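These protein sequence lines are chains A and B, in that order. If you're matching positions, the first sequence starts at 1 in my numbering and goes up one per residue. If you're matching positions, the second sequence starts at 1001 in my numbering and goes up one per residue. Remarks on the structure that follows.
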Amino acid sequence: MSAVAPEGSSEQREVQFRDAAGRAAETAQALAESPPPGEEGAELNGEKMVLNMGPSHPATHGVLRIVLELDGEIITRAVPEVGYLHRGDEKIAENMTYTQFIPYTDRLDYLAPLANNVAYALAVEKLLGIDRQLPARCQFIRVICCELARVSSHLLGLGSFGMDVGALTVFLHTFTEREKIYNLCESLTGARFTTSYTRIGGLSRDLPPGWVEQCRKFLHEVIVNIDETETLLTRNRIFVDRTQGIGVISKADAIDYGLSGPNLRGSGVEHDLRKTQPYLVYDQLDFDVPVGSAGDCYDRYLLRIEEMRQSVKILHQCLDKLPGGPVNVPDGKIVLPPKDRVLTRMEELIHHFINVTQGVNAPPGDIYFGHENPKGELGFYIHSKGGGTPHRLKIRAPSFVNLSILSQLLPGHMVSDIVAILGSFDFVMGECDR
Amino acid sequence: MTALQLAQQIKAQFGDLISEPAEFRGEITLWVQDAERIPEVCAFAKTTLGFDYLVDITSIDDYGDDPRFTLVYHLYGYGHLQYLRLKTQVSEEKSELPTLTGVWRTANWHEREIYDMMGLRFRGHPDLRRILMWEGYPYFPLRKDFPLAGKSSDVPEIAFTSPAPLAGGPFVTIAGGKDAVAREPRVRIPQTDALETNARLARRKDIKEAHGRAYGPGPIEPRNKP
């Protein structure tokens, strides 16, 4: 695996920082040494305070609630509470056919619905044993979908990260570009957010005419926007001071807590499923996996910037190499046959009927498929007893696992560091709570 | 080293405790015969075989079978880049097995989720509370005997009382209502549903008198019936 060290990694940094725990101890000592006179002093040095953050708080990006125990401004204990957005997706999946569940995957990581669609379709195709038989055009279009979703998700993640630590311009700046991705999504799938683009064994439709040119135009524009976003943040004194040395996760902790995606790579673990377990046509594409070194909020930020550049690089290659041909596997038992044949031929009519009423007939067995989503490893575990419905479908949501480290990470930080840490984690509650 | 070779090393270490490796779609599954020894097997896989990443823990409810529950562990190694699946079974009477939090700290939330959704307890877990549902919720929703539509409870402060949300409850559209207020669940006031039922029954009676047989919306269950 090739890797590039992001510009400004810890070796190159001039800014020296104290680790959060050391700073906490110093602050506590300073407080103890100079108690303010009178009764106010007794109050300041008194009992610990419990503060409830969320579930409705702008920095929690959804409905995450954190119960904090504070000693002054220092967090001594943090208990994250999740589940406010629980909809029972796994239960719902057990009661419908594989194809019917595709729209529910839009609503997992609702900032990257296209990537979720692809991940789910690939998981079911792995169960059916056709994941290596997909037409080349379908695979390239799916890679395009994944990478567009990654750029879109990171743009939003960085925008809201910047806004949380006081840089509102970034949010407006990245949203301009994200809007263009949604326009591309709309002409591709017919919907801006709820794309439901993939089908088991293919796609709901081919690329519309002129889409490739639109996408190319967007790629030339977005790379400029990424550079501009960097000039707004990377050397921004306030941003750097608020993120460097904050939320440091060691390599061992990152692995032990099962972090994945940019949060894992920010801590220096060189692992990207697109490289290590190549699916679709990622093994034919040339891209690098950026890896952080300090494991702090600033590294996770730099990493996402670099990941967007790499995604743009992948997208250019895909658009250049995009082959012709069909986008669906030629098997009427898996993909719905063309409508004109359904209306004129007996066999296709039967396939259509069985596909719609009973679903794709999957063999009994277990599969797990892990997909490198913008937020981390989105895994689908399917336990099938045969037939068109899963007996159990487990969604391994990256945001859920990533958030579990908060109770260990937050203590020792100041209250104001929480927004920087949460911003750098870039989680989505729709996926966390399922 | 392939996943099969790694699985055979576990088999060699633990002997009869581990089943023969089974392969499906290139993935290796091992059955651990005794759920009590899962931490031991996992600790060996982590320290000796380099499976340093616990990807996921899942539970399956085979309602009607004995043992009823299956636990599924997915392991992965950053060194050798191989997946391995461990499975073990727990009976309904026992519903308990030892925790893995001593081996991987990420097991904490996965096990809380299984406790929440399936009702399996993890002995030695530091913080075994519900995670997605709320404290005091009386059921385990991912069990197969829990209906998709939901289930009413007798604890009004904590969970829905009758009827369940999708079984004629407040989220269900009443077809044939005289106006949007009567039809639409979002604007309906639950207390007026009984009145709507009476109006519907009267309308049904009118239809029967006019046509000789009743069709259209039938009576809905009264709200206070369990």
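Every residue, glycine too, gets a C-beta built ideally from N, C-alpha and C. Quantities reported herein were computed from a predicted structural model and do not represent experimental measurements.
For B/Glu1096, the closest of B/Arg1105, B/Leu1071, B/Leu1075, B/Asn1108 by C-alpha to C-alpha distance is B/Leu1071. By the Cβ test, the region 364-383 of chain A is not in contact with the region 335-352 of chain A, since fewer than three Cβ pairs between them sit closer than 8 angstroms. As the crow flies, the alpha-carbon of B/Glu1092 is around 35 angstroms from that of A/Pro55. At least 9 angstroms separates the CB of B/Leu1128 from every CB of chain A. Inside the region 209-277 of chain A, DSSP marks whole alpha helix (DSSP H) runs of 4 or more residues at positions 211-233, 237-243, 251-256, 262-265, 273-276, from first to last along the chain. A/Thr105: member of the alpha helix (DSSP H) spanning 102-106, first to last residue. By the Cβ criterion, the region 95-114 of chain A is not in contact with the region 406-418 of chain A, since fewer than three pairs of Cβ atoms, one from each stretch, lie closer than 8 angstroms.
For A/Thr176, same chain residues with a beta-carbon under 8 angstroms away, outside a window of 5 residues either side, are Asn225 in chain order. Taking the Cβ atoms as the reference, A/Thr97 lies roughly 49 angstroms from A/Gly412, outside the contact range of under 8 angstroms. Not one beta carbon of chain A lies nearer than 9 angstroms to the beta carbon of B/Ile1038. Measuring C-alpha to C-alpha distances from A/Val63 to each of A/Val151, A/Ile144, A/Cys318, A/Glu81 identifies A/Glu81 as the nearest. Counting only Cβ-Cβ distances below 8 angstroms, B/Phe1024 has contacts in chain A at Gly365, Asp366, Ile367, in chain order.
Per DSSP, A/Tyr298 is one residue of the alpha helix (DSSP H) stretching across 297-321. Close partners of B/Val1055 in chain A (Cβ separation under 8 angstroms): Gly258, Tyr368, Gly370, Glu377, Gly379, Arg396. With a threshold of 9 angstroms between beta carbons, B/Leu1120 makes no contact with chain A. B/Trp1031 is bridged by DSSP to B/Lys1087.
Taking a 10 Å sphere around the C-beta of A/Tyr279, we find 16 or more other C-beta atoms and assign the residue as buried.
The region 249-266 of chain A and the region 162-179 of chain A do not touch, with fewer than three beta-carbon pairs separated by less than 8 angstroms.
Look at A/Leu51 here: in three-state DSSP terms it is strand. Under the DSSP assignment, A/Gly370 falls in the beta strand (DSSP E) whose first and last residues are 362-373. In this structure A/Pro262 touches A/Arg304 by the C-beta definition: roughly 5 angstroms separates them, less than 8 angstroms. Interface residue (Cβ-Cβ distance to chain A less than 9 angstroms): B/Pro1141 is classified as such.
Contact between B/Ala1159 and B/Pro1138 holds: their C-beta atoms lie close to 6 angstroms from each other, under 8 angstroms. Annotation: A/Leu155 to A/Val50 spans about 34 angstroms, alpha carbon to alpha carbon. In the structure shown, A/Asp417 falls within a helical segment according to DSSP collapsed to helix, strand and coil. Under DSSP, A/Phe193 shares a beta bridge with no residue.
A direct Cα-to-Cα measurement between B/Leu1049 and A/Glu270 gives close to 19 angstroms.
With contacts defined as CB atoms closer than 9 angstroms, A/Leu148 and A/Leu184 qualify as a contacting pair. Under the three-state reduction of DSSP, B/Thr1070 is assigned to strand.
Residue-level contact check: A/Gly129 touches chain B, since one or more beta carbons of chain B fall below 9 angstroms from its beta carbon.
Taking 9 angstroms as the cut-off, the beta carbon of A/Phe427 is found no closer than this to the beta carbon of A/Ala119. By the neighbour-count criterion, in which a residue is buried when 16 or more other Cβ atoms sit within 10 angstroms of its Cβ, B/Leu1054 is buried. Within 7 angstroms of the CB of A/Glu90, the CB atoms of chain B belong to Leu1142, in sequence order along the chain. Runs of the alpha helix (DSSP H) lying entirely within the region 323-358 of chain A, each at least 4 residues long, are 339-342, 346-357 in chain order.
The beta carbon of A/Ala167 lies closer than 7 angstroms to those of Leu232, Leu233, Asn236, Phe239 in the same chain, with the five residues before and after it left out. Look at the beta carbons and you see the region 137-152 of chain A not touching the region 384-391 of chain A: under three pairs across the two are nearer than 8 angstroms.
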